[in-house]
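Asks: When we follow this note's numbering, the leftmost residue of the sequence shown carries the number 7, and every step to the right adds one.
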Amino acid sequence: MEAERRGSPCMARRRCCIDLPRLVGAVIAAMVSLGASSPAPIVLEGTVREARLNSPVPGVRVTASAHSLKGELSTVTDAVGQYRLGPVPPGAYVLRFEAEVYKPHVQAQVVPAEESPFRVDVLLHYEQPHFFVRCGIDSDALHHPAPWHFAPDLFERLPSRLPLRWTSGLRAAERLAERVPGALEVPSGFSIRGGSASENGFQLQGLSTRDAISGGNLLPLSIEFASLVTVRSEGAMPSHARSNGGVIESRLKSGCSRFYGSSFAYWAPGVLAGPAGTLPVSGTDFSSTERFRHMGEFGATLGGPVVPNRLTFFAGVTPVFSRTEEQGHWVDQHGVQALVRLNYEVSPPHRLSLSLIGMPSETRGLDDSTSSDSDTAMAMLEYSGAFLDNALLLTLQSGWLRHQSTHRTLAVESGRAQQNVQMKVQAHYLLHAIGTHIFQAGFDTEHIAHVRFLPTGSRAGSTVLGGFVQDRWDVRPWLTINGGVRYDMQSLRAPSQGRTAFVSYQLSPHAGVVVHPIPRYGTTLIAHYAKYHDQVPLGLLDSAQGRLITIDPGLAPASSHEFLLVATHEFFNLGESGLSLQLKAQYARRSSGAALTSMPTLGGEGVLIGNPGAGSLAILPRAVRNHDAVTLSMNTQWGSWLSEFHYTRSKLHGTQTDPLGDESGLPRARPHLLDDDRTHSIQVTSYRIFVLDARRFVRVAMSYSGASGTPQERALTAFPAWSHVLDAHLSVGHRMTNIAGLSIGLDAFNLLNAQPWARGEPRGPAWLESPSSLRPSFPRQVRLGVRYHF
């Protein structure tokens, strides 16, 4: 018994020794058997790029879901926009791509092949809402329908950056409005969607820089100082609806955690310019020829930290100059624009910003017998902060703008000054209830004081109070509803008697719907209605020149109604050829509501300001202006080539005239095609970067703009001449480091030297313009440039 008891442990140990190998073998056999029966692992991979620039997008959340996958599998794109998910089991997957800056994209019915990586490349588009901050870029919110945005990367590739005539050699950011379909360049600026140039709104950091007299831009911003340029040609929500034309907004660059900047120089020599057209002078038997001699701009920018993670700055300066020859006499223009901006981080969600910008300029010509001086300065203070776990964003802004100009000739001297004081409060609130709501409300006020001190003294003033409420409601991933209202009230102080008249604005409703019926293929349908109100410009009061001004008690500002339909469809990698394109069709109708006019009273001793066909001016016919436009667009990407094509067929007809023009807004007797009507317009842009090696590249861009003749030309001939403008850009770049580079460029504007006659009102100093309202476009110019950035 004792021996048996002693043998029992041995037998137990022997059984353990025997059973363990058998168990291990059984497990290995089971694993081998399982592995032989299971399919090979599948990997999902690809690259996420930005649709406009074809640049990789890092930090995009990529999420895969399927019935065969328990839960979801997600990852984030790396620095070059690449992602990798797997291994994953077979099945039909839905891939979701989400980023803070871009519109979410859903790729459904992705069925990967076995035993090989399955690639899904995606192009993302900007979408609202987003707030982003990086070096030189300020935050901005986008709205449906999406406006046209131009970021610094686009500045470098667009060849159409010819300086505006009245800004000397300054490459103004507002010039980018010419790239928007439906925008027509006229001598006084841009006519956007049928509106006159004096009806456009201009904003810098959200504050108005509009001239209360002419409706122009008092402070054009250099492209070198701009971080983002937004052109809202249609579909604006109430927050940007205090304008009867388009709205051009520029955002300033700002400092960041590292030092960055640039130095640049651009020069257009007259020896390379094309011959200028001959301009007939009205009322005389001779004609004038303006010869271009040279035009240039140079300067530098610098931004970076003052106190790390607390205080940053951005500063820049750019002198500009130009010389032309008129009637054998020199006309020289000189100016300089300077900017200083400070950003102070109170705490991570709270920031203060102070911006100071100024631009003095002078013009001397005709053997010093005539001269012009102007000085414009603006100061802006801004606070932005987040509350309630970042669900509430609050922005407070205040600004002061001062402009003074003097023009002298041998016979007369004139001068004026304008001061604007503005305040604005805006709040965004994010609410998750039956979808997602983004509520936005705001209040703003602007006081304008205008003084004309030469040749006679007069003072006029305007005060505007306004507010708005709007909501973007994302009901479902495929359905978005926009809506809002705006109300404004303006008081006017006439320069003659000093009495105040109130102009009441009616409520301006805005409503729209966005539908994505086939999210997989990027199909979007948009319908939008809006009513816009403008301000009563002080130019109507200033034009009285000392006469008694009577303002109709029922005066209403100029207004218009807009109806918009948009359909877009995107194709990615057609037939595995690498060709991706976006097709867009748009119909827009804008019809006038109230119009403004100034009419001399009996005897010519006074001026009556009112609305044609209403109130005191009921004896006049109602002014009508209708603009109908159909636009077909195609954006393509094929390999490294990026191209855009836009065709617009439009009709601008009615009886309304520009209240700040020669006809003072008096309606014409019969409806007819208006001067800014162009039946057909075409815009084509193509761009590519050729990479020579890791450090060197060549950038090539071409831009073509064509438009049919004016109504006057079409009335004279059955085949009116088209205007053709062809621009080209060529630059060679060398990357010295990852963030520093040097580029040398050549821009050629109006290669064909086409100079169609254009009718419009003069803008800028009157003595710089011919007495005739007919002006040819710029002759051919060739501009040389060099730029270093770090």
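The beta carbon of each residue, even a glycine, is placed where N, CA and C say it ideally should be.
Only a predicted model underlies this, so the values are computations on that prediction, with no experimental measurement involved.
Per DSSP, which residues does Y511 bridge with? Please list them.
Replies: For this step, residue 511 is matched to residue 505 along the sequence shown. In the DSSP output, where bridge partners are listed per residue, Y511 has none listed.
Asks: Measuring only the C-alpha atoms, how far is K430 from G584?
Replies: What you label residue 430 is simply residue 424 of the sequence shown in a count that begins at 1. What you label residue 584 is simply residue 578 of the sequence shown in a count that begins at 1. Approximately 47 angstroms, taken between the alpha carbons.
Asks: Using only the heavy atoms of the ligand MN, determine whether one of them is closer than 7 angstroms to the beta carbon of A72.
Replies: In the structure on display, the ligand MN does not appear, and there are no ligands present to speak of.
Asks: Which first and last residues belong to the alpha helix (DSSP H) in which G545 is found?
Replies: Taking the sequence shown and counting its residues from 1, one reaches residue 545 at position 539. Segment G545 to D548, the alpha helix (DSSP H) holding G545.
Asks: With a threshold of 16 other CB atoms inside 10 Å of the CB of G791, please say whether the residue is buried or exposed.
Replies: Within the sequence shown, residue 791 is the residue found at index 785, counting from 1. Buried: at least 16 other Cβ atoms inside 10 Å.
Asks: One question on the structure: do Q209 and L258 come within less than 8 angstroms of each other, judged by their Cβ atoms?
Replies: Residue 209 sits at position 203 when you count from the first residue of the sequence shown. Residue 258 sits at position 252 when you count from the first residue of the sequence shown. Cβ atoms of Q209 and L258: not closer than 8 angstroms.
Asks: Among H456, S80 and P64, whose alpha-carbon lies nearest the alpha-carbon of E106?
Replies: Here residue 106 refers to the residue found at position 100 of the sequence shown. Selected option, being the one with the closest Cα: P64.
Asks: Just to confirm, are G490 and P244 a CB contact at a threshold of 8 angstroms?
Replies: Indexing the sequence shown from 1 puts residue 490 at position 484. Indexing the sequence shown from 1 puts residue 244 at position 238. Yes, the Cβ-Cβ distance between G490 and P244 is below 8 angstroms.
Asks: In or out: Q718 buried (at least 16 other Cβ within 10 Å) or exposed?
Replies: The residue given as residue 718 occupies position 712 in the sequence shown. So Q718 counts as exposed.
Asks: Would you identify the three-state DSSP class for V277, choosing helix, strand or coil?
Replies: On the sequence shown, position 271 is the one that residue 277 refers to. Three-state result, V277: helix.
Asks: Thinking Y99 and S71 are a contact (beta carbons under 8 angstroms), I'd like their distance in whole angstroms, please.
Replies: One-based indexing of the sequence shown puts residue 99 at position 93. One-based indexing of the sequence shown puts residue 71 at position 65. Confirmed, Cβ separation roughly 7 angstroms.
Asks: Have a look at A383, S359, S375 and R628 and flag the residue whose alpha-carbon is nearest the alpha-carbon of L402.
Replies: Your numbering for residue 402 matches position 396 in the sequence shown. It is S359.
Asks: Which residue from L554, L101, E568 and L75 puts its Cα closest to that of V82?
Replies: To locate residue 82, count along the sequence shown from 1; it is residue 76. Comparing Cα positions, the closest option is L101.
Asks: Check the DSSP bridge columns for V116 and list the partner residues they point to.
Replies: For this step, residue 116 is matched to residue 110 along the sequence shown. Answer is Y99, bridged to V116.
Asks: Say whether the segment 477 to 484 touches the segment 439 to 450, bearing in mind that this needs 3 or more beta-carbon pairs closer than 8 angstroms, one atom from each stretch.
Replies: Judged by Cβ distances under 8 angstroms, the segment 477 to 484 makes contact with the segment 439 to 450, as three or more pairs qualify.
Asks: For the beta strand (DSSP E) containing L50, name the first residue and the last one.
Replies: As a first step, residue 50 is located in the sequence shown; it is residue number 44 there, counting from the start. It spans I48 to E56 - the beta strand (DSSP E) in which L50 sits, taken as one unbroken run.
Asks: Measuring straight from C-alpha to C-alpha, what distance separates I363 and S202?
Replies: To locate residue 363, count along the sequence shown from 1; it is residue 357. To locate residue 202, count along the sequence shown from 1; it is residue 196. Spanning the two alpha carbons is a distance of roughly 28 angstroms.
Asks: Terminal residues of the continuous beta strand (DSSP E) containing G421?
Replies: As a first step, residue 421 must be located in the sequence shown, where it is residue number 415. Taken as a continuous stretch (DSSP letters only), the beta strand (DSSP E) holding G421 covers E419 to H438.
Asks: Alpha carbon to alpha carbon, what distance is there between G207 and S214?
Replies: For this step, residue 214 is matched to residue 208 along the sequence shown. For this step, residue 207 is matched to residue 201 along the sequence shown. When rounded, the distance between both Cα atoms is 7 angstroms.
Asks: Using a Cβ-Cβ cutoff of less than 6 angstroms, which residues in the same chain neighbour R316 once the five nearest sequence positions on both sides are dropped?
Replies: Counting from one through the sequence shown, the residue named residue 316 turns up at place 310. Excluding positions up to five away in sequence, the list reads E351.
Asks: If you measure between the beta carbons of V66 and S80, is that distance less than 8 angstroms?
Replies: Position 60 of the sequence shown, counted from the first residue, corresponds to residue 66. Position 74 of the sequence shown, counted from the first residue, corresponds to residue 80. The answer is no: Cβ separation not under 8 angstroms.
Asks: Identify which residue in P665, E669 and T661 has its Cα closest to the Cα of R676.
Replies: Against the sequence shown, residue 676 aligns to sequence position 670. It is T661 whose Cα lies nearest to the Cα of R676.
Asks: Does the beta-carbon distance from F755 to R793 come in below 8 angstroms?
Replies: In the sequence shown, residue 755 corresponds to position 749, counting from 1. In the sequence shown, residue 793 corresponds to position 787, counting from 1. Contact: no.
Asks: Looking at the secondary structure, which residues open and close the beta strand (DSSP E) in which K109 lies?
Replies: For the purposes of this step, residue 109 is taken as the residue at position 103 of the sequence shown. Taken as a continuous stretch (DSSP letters only), K109 belongs to no beta strand (DSSP E), as it is neither H nor E.
Asks: Between the alpha carbons of H534 and T685, how many angstroms are there, rounded?
Replies: Position 528 of the sequence shown, counted from the start, is the residue given in the question as residue 534. Position 679 of the sequence shown, counted from the start, is the residue given in the question as residue 685. Spanning the two alpha carbons is a distance of roughly 24 angstroms.
Asks: Going along the chain, which residues of its own chain have a beta-carbon closer than 6 angstroms to the beta-carbon of E388, five neighbours each way excluded?
Replies: Residue numbering aside, residue 388 sits at position 382 when the sequence shown is read from its first letter. Excluding positions up to five away in sequence, the list reads S359 and Q403.
Asks: From G280, L308, F320 and G371, pick the residue whose C-alpha is nearest to that of H335; which is it?
Replies: Along the sequence shown, one-based indexing puts residue 335 at 329. It is G371 whose Cα lies nearest to the Cα of H335.
Asks: My output table needs one value for L244: the three-state DSSP class, helix, strand or coil.
Replies: Counting from 1 along the sequence shown, the entry for residue 244 is found at position 238. Per the sequence shown, the amino acid found at residue 244 is Pro instead of Leu. Helix.
Asks: Can you tell me which residues form a DSSP beta bridge with L394?
Replies: In the sequence shown, counting from the first residue as 1, residue 394 sits at position 388. L394 is not bridged to any residue.
Asks: Starting from the Cα of Q1, find the closest Cα among M708, Y538, A385 and V117 and give me that residue.
Replies: The chain is shown only over 7 to 796; residue 1 falls outside these bounds and no answer can be derived.
Asks: First and last residue of the beta strand (DSSP E) that includes H356?
Replies: Residue numbering aside, residue 356 sits at position 350 when the sequence shown is read from its first letter. Its beta strand (DSSP E) spans residues H356 to G371.
Asks: Please determine, among T716, V704, Y710 and S711, the residue with the shortest C-alpha to C-alpha distance to L752.
Replies: Position 746 of the sequence shown holds residue 752. Cα-wise, what sits closest to L752 is V704.
Asks: Measure how close the beta-carbons of S367 and Q410 come, nearest whole angstrom, since I'm counting them as under 8 angstroms.
Replies: Taking the sequence shown and counting its residues from 1, one reaches residue 367 at position 361. Taking the sequence shown and counting its residues from 1, one reaches residue 410 at position 404. Their Cβ separation, rounded to whole angstroms, is 11 angstroms, which puts S367 and Q410 out of contact at 8 angstroms.
Asks: Can you say whether F474 is buried or exposed, counting buried as having 16 or more other CB atoms within 10 angstroms of its CB?
Replies: In the sequence shown, residue 474 corresponds to position 468, counting from 1. Under this definition F474 is a buried residue.
Asks: Roughly how many angstroms lie between the CA atoms of A447 and L513, to the nearest whole one?
Replies: Position 441 of the sequence shown, counting from 1, holds the residue named residue 447. Position 507 of the sequence shown, counting from 1, holds the residue named residue 513. Roughly 15 angstroms between the two C-alpha positions.
Asks: Could you tell me which of P543, P515 and S649 sits nearest to A218, measuring between CA atoms?
Replies: Sequence index remark: in the sequence shown, residue 218 carries index 212 (1-based). Nearest of P543, P515 and S649 to A218, Cα basis: P543.
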